[in-house]
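Below is one structure, written out as structure tokens, with a few remarks after it.
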Amino acid sequence: MKLAARSGGSAALALSFFALVATLVPLGVGADLQLLARMASGVLWVAAVLAALLSLDRLFQGDFEDGSLDMIALAPLPLELTALAKIAAHWLSTGLPLTLLSPLLALLFNLPGAASAILLVSLLIGTPAVSAIGAIGASLTLSLKRGGLILPLIILPLLSPAVIFGAGAVSGVLDGTPANGALGLLAAFAVAAVLLSPFAAAASVRLNLSS
Amino acid sequence: MNVLFRYANPHEFMRLSGAVLPFIAISTALCFAIGLYLGFSVPPDYQQGTTVTLMFIHVPADVVAELAYGAIAVCSLLSLVWRHPLADIAARAAAPLGALFTALAIITGALWGKPMWGTYWVWDARLTSFLLLLFLYLGYMALWNAMEDETRAARACSILALIGLADIPIIKFSVDWWNTLHQGESIMSGKIATVYLAPLLIMMLGYALLFLTLWMVRIRTAVLERRARTLMREAAS
């Protein structure tokens with residue numbers, strides 16, 4: 227599974243993309259620090275989700291193309307566990323680095339320290355859900371040649387709660403309300419996503435393998 | 017269950033739906049005629065004025081847009097568990113209709129919002145969740161169209177539909193949590209006068225029947241298409 231992390235090892239790519247989107251936004255909306263601080267949580271959450279999407283379509287595809295996915299499916303290890311491992315690998319190679327980079331970008335967006343800490347926590351809790359739901363999308367579009375185009379259309383609406391709760395926690399802190407509620411909801415969403423998605427992903431891998 | 021399976025047989029379905037379809041179509045037209053007549057003759061609301069008539073076009077579209085997703089989810093479950101081809105066809109046929117009713121709900125809602133809220137679009141909870149519902153429908157349809165192998169596409173789409181079903185309440189809840197401006201629901205709570213309720217219910221029935229009519233026509237077309245393709249393949253070989 228380390229191999230999976232390394233072969234899909236686009237962490238640097240995802241990080242650059244994340245930082246680039248975050249750089250383009252001030253260029254688009256202007257350098258008003260007040261405004262940027264308000265927008266920071268939303269922009270960074272959306273950028274993080276998009277950056278995580280970049281490498282998702284490769285999650286199963288490489289193994290599918292060279293046939294090793296057939297071997298993995300035949301192996302004694304249940305496919306659900308393999309899917310869970312894939313999700314973990316994807317999170318370690320994108321979600322976690324993105325989370326760790328976020329305080330730096332938050333600094334550029336003039337986000338106060340306390341809010342920045344909450345952003346870090348919300349990304350830490352929420353990005354596993356992105357990887358998990360993304361894995362469902364990746365496995366559904368597995369046999370498509372241009373699955374990368376359909377993948378975002380399928381999973382972005384499903385991911386909207388993560389963005390709402392994640393960014394909402396940070397805006398709440400800016401407005402002086404505690405972030406516990408939003409973070410709790412985000413955590414519940416992430417736990418449900420991580421627990422259920424390996425089954426959905428494994429089922430859709432199976433249907434793409436059987437022909 | 018046995019009854020269900022009997023009518024899930026494509027031949028039986030074609031026979032039955034062919035017999036029932038004209039009646040459903042006629043009652044759709046009747047409901048629309050009565051509902052629209054009543055809807056246009058209601059007294060103006062003390063707050064909303066004559067725009068209250070839009071409610072009779074907008075609210076039923078909302079309801080049917082959500083019902084359509086339920087129909088897809090039920091068909092998907094039938095398709096996944098019993099692998100029934102007619103359930104696949106039905107699910108696939110319902111998706112564009114659901115998207116259409118969702119778009120209709122959004123558009124009529126925007127037209128209503130202009131005189132009421134002074135703007136076509138506000139990022140209010142229900143509008144936003146309907147926009148997300150529209151994207152769910154579009155993603156579902158895109159996946160259907162992208163996969164060439166039909167049985168494979170059917171199973172992938174069934175999985176997607178069921179995941180969507182699990183996620184929709186969460187999306188709705190999160191969007192509600194995020195922002196609420198839309199007026200609360202007022203039918204069940206008895207806050208609506210009978211003079212408005214009657215046309216509303218008739219229009220809801222009309223919309224539901226319209227959906228049923230169009231859905232049946234689409235399923236019938238798909239079944240016939242499939243038969244034609246089989247015949248062509250047999251003729252070619």
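Each protein sequence line maps, in turn, to chains A and B. With my numbering as the guide, the letters of the first sequence map in order to residues 227 to 437. With my numbering as the guide, the letters of the second sequence map in order to residues 17 to 253. Glycine residues also receive a C-beta, built at the ideal position from the N, C-alpha and C atoms.
Complete alpha helix (DSSP H) runs within the segment 338 to 389 of chain A (minimum length 4 residues, chain order): 339 to 366
Distance between B:Arg108 and B:Ala252 (C-alpha atoms, nearest Å): Along the second sequence, read from residue 1 onward, the residue named residue 252 of chain B stands at position 236. Along the second sequence, read from residue 1 onward, the residue named residue 108 of chain B stands at position 92. Those two C-alpha atoms are separated by around 27 Å.
Cβ neighbours of B:Ser33 in the same chain (closer than 8 Å, five flanking residues each side left out): Translated into positions along the second sequence, residue 33 of chain B becomes position 17. Excluding positions up to five away in sequence, the list reads Met232, Ile235 and Arg236.
Inter-residue Cα distance where the pair is B:Tyr136 and B:Pro76: The count along the second sequence starts at 1 and reaches residue 136 of chain B at position 120. The count along the second sequence starts at 1 and reaches residue 76 of chain B at position 60. Near 19 Å, if we compare the C-alpha coordinates of B:Pro76 and B:Tyr136.
Buried versus exposed, by CB contacts within 10 Å (16 or more), B:Trp128: Taking the first residue of the second sequence as position 1, residue 128 of chain B is located at position 112. With 16 or more Cβ atoms within 10 Å of its Cβ, B:Trp128 is classed as buried.
Classification of A:Trp271 by the beta-carbon crowding that lies within 10 angstroms, buried from 16 upward: The residue you call residue 271 of chain A lines up with position 45 of the first sequence. It counts as buried.
B:Glu164 (DSSP reduced to helix, strand or coil): One-based indexing of the second sequence puts residue 164 of chain B at position 148. DSSP places B:Glu164 in coil when its eight states are reduced to three.
For A:Thr308 and A:Pro302, the rounded distance between their alpha carbons: The residue you call residue 302 of chain A lines up with position 76 of the first sequence. The residue you call residue 308 of chain A lines up with position 82 of the first sequence. In a straight line, the C-alpha of A:Pro302 is about 11 Å away from that of A:Thr308.
Selection from A:Thr320, A:Ser267 and A:Ala405 that minimises the alpha carbon distance to A:Ala277: The residue you call residue 277 of chain A lines up with position 51 of the first sequence. Nearest of A:Thr320, A:Ser267 and A:Ala405 to A:Ala277, Cα basis: A:Thr320.
Within 7 Å, strictly: CB atoms of A:Ser313 and A:Ala361: Taking the first residue of the first sequence as position 1, residue 313 of chain A is located at position 87. Taking the first residue of the first sequence as position 1, residue 361 of chain A is located at position 135. First, the amino acid is wrong: residue 313 of chain A is Ile here, not Ser. Yes.
CB contact flag (A:Gly374, A:Asp258, <7 Å): Locating residue 374 of chain A in the first sequence gives position 148, counting from the first residue. Locating residue 258 of chain A in the first sequence gives position 32, counting from the first residue. For A:Gly374 and A:Asp258, no; Cβs fall outside 7 Å.
Residue closest to B:Val79, alpha-carbon to alpha-carbon, out of B:Ala224, B:Arg242 and B:Met248: Numbered from 1 along the second sequence, position 63 holds the residue referred to as residue 79 of chain B. Looking at the Cα atoms, B:Ala224 is the closest of the given residues.
Chain A within 7 Å of B:Gln199, Cβ atoms only: Along the second sequence, read from residue 1 onward, the residue named residue 199 of chain B stands at position 183. Confidence in B:Gln199 is poor, its pLDDT being 48 and thus under 50, which makes the residue's placement unreliable; the coordinate value appears in the next sentence. So no, B:Gln199 is outside the interface.
Assumed close pair B:Leu113, B:Ala84 - CB separation to whole angstroms, cut-off 8 Å: Along the second sequence, read from residue 1 onward, the residue named residue 113 of chain B stands at position 97. Along the second sequence, read from residue 1 onward, the residue named residue 84 of chain B stands at position 68. Going by Cβ atoms, the distance from B:Leu113 to B:Ala84 rounds to 6 Å, so yes, they are a contact pair.
Beta-carbon neighbours of A:Gly394, restricted to chain B and to distances below 9 Å: For this step, residue 394 of chain A is matched to residue 168 along the first sequence. Those are Ser190, Trp193 and Trp194, listed as they occur along chain B.
Rounded separation between A:Ala238 and A:Ser328 - CA only: Taking the first residue of the first sequence as 1, we reach residue 238 of chain A at position 12. Taking the first residue of the first sequence as 1, we reach residue 328 of chain A at position 102. Those two C-alpha atoms are separated by around 14 Å.
For A:Phe335, the three-state DSSP class (helix, strand or coil): Position 109 of the first sequence, counting from 1, holds the residue named residue 335 of chain A. Here A:Phe335 sits in coil by DSSP.
From B:Val239, B:Leu46, B:Thr246 and B:Leu102, residue whose alpha carbon lies closest to that of B:Ala170: By 1-based counting over the second sequence, the position of residue 170 of chain B is 154. Nearest option by C-alpha distance: B:Leu102.
Limits of the unbroken alpha helix (DSSP H) element including A:His316: Here residue 316 of chain A is taken as the residue at index 90 of the first sequence, counted from 1. Element bounds for A:His316: Leu305 to His316.
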